[in-house]
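A short write-up of the structure that comes next.
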Amino acid sequence: MSDLDWVPDEVDTTVPSVARTYDYLLGGAHNLAVDRAMGDRMLEVLPGARDLVRLNRAFLRRAVTYLAGRGVRQFLDIGSGIPTAGNVHEIAQEVAPDCRVVYVDKDPVAVAHSRLMLADDPLTTAVRADLREPEDVLGRPEVTGLLDLDEPVALLLLLIVHFVPDEERPGELLARYRDRLAPGSHLVVSHATADERPDTMRRAADTVRESRSKDNLVYRTHAEVTALFDGYELVEPGVVGHALWRPDGAGDIADRAEDNNQVWAGVGRKPGRATASGGRR
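Once you know that position 189 of the sequence shown is 189 in my numbering, the rest is easy, because the numbers rise by one and skip nothing.
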């Protein structure tokens, strides 16, 4: 059996993938030599990269736990990546077993492995689609068959919006999702920034661009990330470093203080009726 038998035929194995590189940095096994090479170059210029992706997963856990505890029962995770420990459905269903989750990614490897993992779970599914096409994403039968968009949904966008260039107007893009979501829905965002260590972060972005990846990093300031929550009420403590959003303990905080504010993160709630479980049964 070839080492690449798990790779879908349409994947160009000479070009690195952000999703597979993220998997590599997390210690996963579903990545290629080109992904590991990009990850290693990233670690050379940004030695804390492994900690940053680990802290992002920790923020995901805390945000999903918070939302499920507040009564949210529907989750739409766009840019979900390759399945790893502590997936959204595992976290949410630990709080409430009836939580329903749709994973969306444009990477065929991420979607293929998500579908394999979710094959026996009727409350979850995975869809191959692009964040930048909200009408397509929200209109997919897999989405509408599992999620009731007339009831609150948590839209999760972790480390994904920074791949949307300014010319594609990320604020307007997110507003198209917001306008389709019911009152009481939530938006969860984590977004890389160069507000601190700008030279280091510029070199990290150059590493991604020079790798021929189809996705390039666009850093945004604290004010720009906060603006992505237009139309939402920010949950305390607002937009902060992802390690500093309601940490549960010392393990949620970076060893290096500068890593705590290398990714801005926040949770917002669309005003309206109180969150209810609702949705498909």
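For every residue, glycine included, the Cβ atom is placed at its ideal position computed from N, Cα and C. Only a predicted model underlies this, so the values are computations on that prediction, with no experimental measurement involved.
{"Item": "Using the Cα positions of residue 111 and residue 89, report the straight-line distance between them to the nearest angstrom.", "Value": "15 Å"}
{"Item": "Along the beta strand (DSSP E) that carries residue 228, what are the first and last residues, could you check?", "Value": "That residue, residue 228, is in no beta strand (DSSP E); it is neither H nor E in DSSP."}
{"Item": "State the DSSP-derived secondary structure class of residue 190, mapped to helix, strand or coil.", "Value": "strand"}
{"Item": "Please classify residue 151 as buried or exposed, where buried requires at least 16 neighbouring CB atoms within 10 angstroms.", "Value": "buried"}
{"Item": "Give me, in chain order, the residues of the same chain whose beta-carbon lies closer than 7 Å to that of residue 67; leave out the 5 immediate sequence neighbours on both sides.", "Value": "154, 186"}
{"Item": "Between which two residues does the alpha helix (DSSP H) harbouring residue 93 extend?", "Value": "88-95"}
{"Item": "So residue 126 is in the beta strand (DSSP E); what residue range does that whole segment cover?", "Value": "124-128"}
{"Item": "Out of curiosity, what's the CA-to-CA distance linking residue 37 and residue 138?", "Value": "35 Å"}
{"Item": "For the structure I just gave you, are there three or more beta carbon pairs, one from the region 222-233 and one from the region 33-51, closer than 8 Å?", "Value": "no"}
{"Item": "Buried or exposed: which applies to residue 125, given that a residue is buried once 16 or more other Cβ atoms fall within 10 Å of its Cβ?", "Value": "buried"}
{"Item": "Any idea if residue 122 is buried or exposed, counting beta-carbon neighbours within 10 angstroms, 16 or more meaning buried?", "Value": "exposed"}
{"Item": "Residue 120 by DSSP, collapsed to three states: which one?", "Value": "coil"}
{"Item": "Measure the alpha-carbon distance for residue 13 versus residue 70 and round it to whole angstroms.", "Value": "42 Å"}
{"Item": "Excluding the five sequence neighbours on either side, which residues of its own chain have a C-beta within less than 6 Å of the C-beta of residue 107, listed in chain order?", "Value": "17, 19"}
{"Item": "Would you report the Cα separation of residue 93 and residue 72, rounded to the nearest angstrom?", "Value": "11 Å"}
{"Item": "If you follow the beta strand (DSSP E) that residue 60 is in, where does it begin and where does it stop?", "Value": "Segment 49-69 is the alpha helix (DSSP H) holding residue 60; no beta strand (DSSP E) there."}
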